[in-house]
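Everything on this sheet refers to the single structure shown next.
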Amino acid sequence: MLEINEALEDEPEAINEDPYANWIIKVKISDDSQVEGLMDVAAYKAAL
1 MLEINEALED EPEAINEDPY ANWIIKVKIS DDSQVEGLMD VAAYKAAL
């Protein structure tokens with residue numbers, strides 16, 4: 001984990017108001033092969 005969005009502590013509703021402009025944490029992938037295991041939008045929708 002590289003960074004935590006501490007602004008959300010004071011304004012947590014921001015993530016719901018504009019989830020694509022706001023973020024919770026920033027991470028760095030150490031092994032590029034890990035990306036292959038991530039779900040895309042369609043997979044997330046199917047999981048819901």
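Numbering (my numbering), first residue to last: 1 to 48. Heads up, the beta-carbon is just placed ideally off N, CA and C, and yes, glycines get one too.
(message) Tell me the residue span of the alpha helix (DSSP H) that contains Tyr44.
(response) Element bounds for Tyr44: Val41 to Ala47.
(message) Let me check one thing: in DSSP terms, what residues is Ile29 bridge-paired to?
(response) DSSP, once it has assigned bridges, lists no residue as partnering Ile29.
(request) In angstroms with no decimal places, state the Cα-to-Cα distance between Leu2 and Ser30. (result) Taking the straight line joining both Cα atoms gives about 12 angstroms.
(request) Could you please give me the residues that DSSP links to Ile4 through a beta bridge? (result) Residue pairing by DSSP places Ile4 opposite Ile25 in a beta bridge.
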